[in-house]
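Here the structure comes first, spelled out in C-alpha coordinates, and everything after it is commentary.
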Amino acid sequence: MNSVEEAADATRNIIMVFGKGAASERTVCRWFKKFRSGDFNLENEPRGRPEVKVDNEELTAVVEADTPQTPRELAVRFGVSKQTMLDHLNRIGKVKKLDRWVPHDLSEDQKETVSTLVFPCCHDISSGRFAPNYYL
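Per full-length UniProt numbering, the sequence shown starts with residue 1, numbered consecutively.
Here it is as C-alpha coordinates:
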(Lines of atoms letter the chains of each structure in order from A and count residues from 1; the text may use other names and numbers.)
(Lines give C-alpha, C1' and ligand atoms only; values in the text may rest on other atoms or scores of the structure.)
Protein backbone atom coordinates (compact mmCIF):
# COMPACT_ATOMS: atom_id res chain seq x y z
CA MET A 1 0.00 0.00 0.00
CA ASN A 2 1.46 3.39 -0.98
CA SER A 3 1.20 6.64 1.00
CA VAL A 4 -1.71 7.96 -1.08
CA GLU A 5 -3.72 4.79 -0.41
CA GLU A 6 -2.80 4.98 3.29
CA ALA A 7 -3.95 8.60 3.43
CA ALA A 8 -7.19 7.71 1.64
CA ASP A 9 -7.87 4.89 4.12
CA ALA A 10 -7.02 7.14 7.05
CA THR A 11 -9.35 9.83 5.67
CA ARG A 12 -12.22 7.34 5.41
CA ASN A 13 -11.58 6.21 9.00
CA ILE A 14 -11.50 9.81 10.26
CA ILE A 15 -14.77 10.57 8.47
CA MET A 16 -16.42 7.43 9.91
CA VAL A 17 -15.42 8.45 13.44
CA PHE A 18 -15.78 12.25 13.31
CA GLY A 19 -18.26 12.76 10.48
CA LYS A 20 -18.23 14.28 7.03
CA GLY A 21 -16.04 17.36 6.69
CA ALA A 22 -13.72 16.39 9.57
CA ALA A 23 -10.69 16.22 7.27
CA SER A 24 -10.04 16.17 3.56
CA GLU A 25 -7.83 13.61 1.87
CA ARG A 26 -5.41 16.41 0.97
CA THR A 27 -5.12 17.44 4.63
CA VAL A 28 -4.46 13.85 5.71
CA CYS A 29 -1.79 13.53 2.98
CA ARG A 30 -0.13 16.65 4.38
CA TRP A 31 -0.22 15.14 7.89
CA PHE A 32 1.35 11.89 6.62
CA LYS A 33 4.13 13.83 4.91
CA LYS A 34 4.76 15.93 8.03
CA PHE A 35 4.86 12.92 10.38
CA ARG A 36 7.09 10.89 8.03
CA SER A 37 9.62 13.74 8.04
CA GLY A 38 9.82 13.45 11.83
CA ASP A 39 7.78 16.55 12.64
CA PHE A 40 5.25 15.52 15.28
CA ASN A 41 4.42 19.06 16.43
CA LEU A 42 0.64 19.43 16.65
CA GLU A 43 0.63 23.21 17.16
CA ASN A 44 -1.02 25.26 14.44
CA GLU A 45 1.51 26.73 12.06
CA PRO A 46 1.27 30.34 10.93
CA ARG A 47 -1.07 30.82 8.01
CA GLY A 48 0.04 32.12 4.64
CA ARG A 49 -1.61 35.51 5.11
CA PRO A 50 1.06 38.23 5.09
CA GLU A 51 1.45 40.53 8.04
CA VAL A 52 -0.15 43.93 7.76
CA LYS A 53 2.44 46.44 6.56
CA VAL A 54 0.26 49.53 6.80
CA ASP A 55 -0.49 50.99 10.21
CA ASN A 56 -3.78 52.84 9.71
CA GLU A 57 -2.91 55.41 12.40
CA GLU A 58 0.37 56.19 10.65
CA LEU A 59 -1.43 56.35 7.30
CA THR A 60 -3.99 58.78 8.73
CA ALA A 61 -1.19 61.01 10.04
CA VAL A 62 0.64 60.94 6.68
CA VAL A 63 -2.52 61.70 4.68
CA GLU A 64 -3.60 64.54 6.94
CA ALA A 65 -0.10 66.06 7.00
CA ASP A 66 0.62 65.83 3.26
CA THR A 67 -2.61 65.46 1.30
CA PRO A 68 -1.54 65.81 -2.36
CA GLN A 69 -0.19 62.25 -2.60
CA THR A 70 -1.64 59.73 -5.01
CA PRO A 71 -2.55 56.21 -3.87
CA ARG A 72 0.39 54.94 -5.94
CA GLU A 73 2.83 57.28 -4.15
CA LEU A 74 1.44 56.22 -0.78
CA ALA A 75 1.71 52.55 -1.82
CA VAL A 76 5.39 53.00 -2.70
CA ARG A 77 6.01 54.83 0.58
CA PHE A 78 4.44 52.00 2.63
CA GLY A 79 5.77 49.18 0.42
CA VAL A 80 2.40 47.75 -0.63
CA SER A 81 0.35 47.51 -3.82
CA LYS A 82 -1.87 50.34 -5.00
CA GLN A 83 -4.99 48.22 -4.36
CA THR A 84 -3.87 47.46 -0.79
CA MET A 85 -3.35 51.18 -0.23
CA LEU A 86 -6.81 51.96 -1.61
CA ASP A 87 -8.27 49.36 0.76
CA HIS A 88 -6.52 50.97 3.74
CA LEU A 89 -7.58 54.47 2.68
CA ASN A 90 -11.16 53.20 2.50
CA ARG A 91 -10.83 51.67 6.00
CA ILE A 92 -9.73 55.00 7.46
CA GLY A 93 -12.59 56.73 5.64
CA LYS A 94 -10.61 58.82 3.15
CA VAL A 95 -11.41 59.51 -0.49
CA LYS A 96 -9.60 61.79 -2.92
CA LYS A 97 -11.54 64.86 -4.06
CA LEU A 98 -9.96 67.66 -6.10
CA ASP A 99 -6.43 66.44 -5.31
CA ARG A 100 -7.05 66.35 -1.53
CA TRP A 101 -7.79 63.47 0.83
CA VAL A 102 -11.06 64.16 2.59
CA PRO A 103 -13.23 62.16 4.99
CA HIS A 104 -15.54 59.79 3.14
CA ASP A 105 -18.53 60.66 5.34
CA LEU A 106 -19.74 64.09 6.34
CA SER A 107 -19.07 65.13 9.93
CA GLU A 108 -22.00 66.15 12.12
CA ASP A 109 -21.06 69.84 11.66
CA GLN A 110 -20.99 69.39 7.88
CA LYS A 111 -24.38 67.66 7.94
CA GLU A 112 -25.83 70.53 9.98
CA THR A 113 -24.36 73.12 7.61
CA VAL A 114 -25.82 71.31 4.61
CA SER A 115 -29.24 71.08 6.25
CA THR A 116 -29.30 74.78 7.16
CA LEU A 117 -28.26 75.82 3.64
CA VAL A 118 -30.12 73.28 1.51
CA PHE A 119 -33.45 72.75 3.27
CA PRO A 120 -34.58 76.41 3.02
CA CYS A 121 -33.82 76.31 -0.72
CA CYS A 122 -35.85 73.12 -1.09
CA HIS A 123 -38.74 74.69 0.81
CA ASP A 124 -38.67 77.75 -1.44
CA ILE A 125 -38.57 75.57 -4.56
CA SER A 126 -41.53 73.49 -3.40
CA SER A 127 -43.54 76.62 -2.63
CA GLY A 128 -42.77 78.07 -6.06
CA ARG A 129 -40.60 80.89 -4.70
CA PHE A 130 -37.28 79.77 -6.15
CA ALA A 131 -34.95 82.66 -6.92
CA PRO A 132 -31.55 81.30 -8.06
CA ASN A 133 -29.54 84.39 -7.12
CA TYR A 134 -31.28 84.95 -3.79
CA TYR A 135 -29.00 82.60 -1.85
CA LEU A 136 -25.73 83.58 -3.53
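Note that the Cβ used here is the ideal one computed from N, Cα and C, for glycine as well. No experiment lies behind these values; they were computed from the predicted model shown.
Here P71 is not near K53, since their CB atoms are 8 angstroms or more apart.
Ranking S24, T84, T113 by CA distance to the CA of V4 puts S24 first. Under the three-pair Cβ rule at 8 angstroms, the region 35 to 49 does not count as touching the region 60 to 69. Taken in chain order, the complete alpha helix (DSSP H) segments of 4 or more residues contained in the region 6 to 62 are 25 to 36.
Here V95 is exposed, its C-beta having fewer than 16 other C-beta atoms within 10 Å. Burial is judged here by how many other beta carbons sit within 10 angstroms of a residue's own beta carbon; T11 has at least 16 and is buried.
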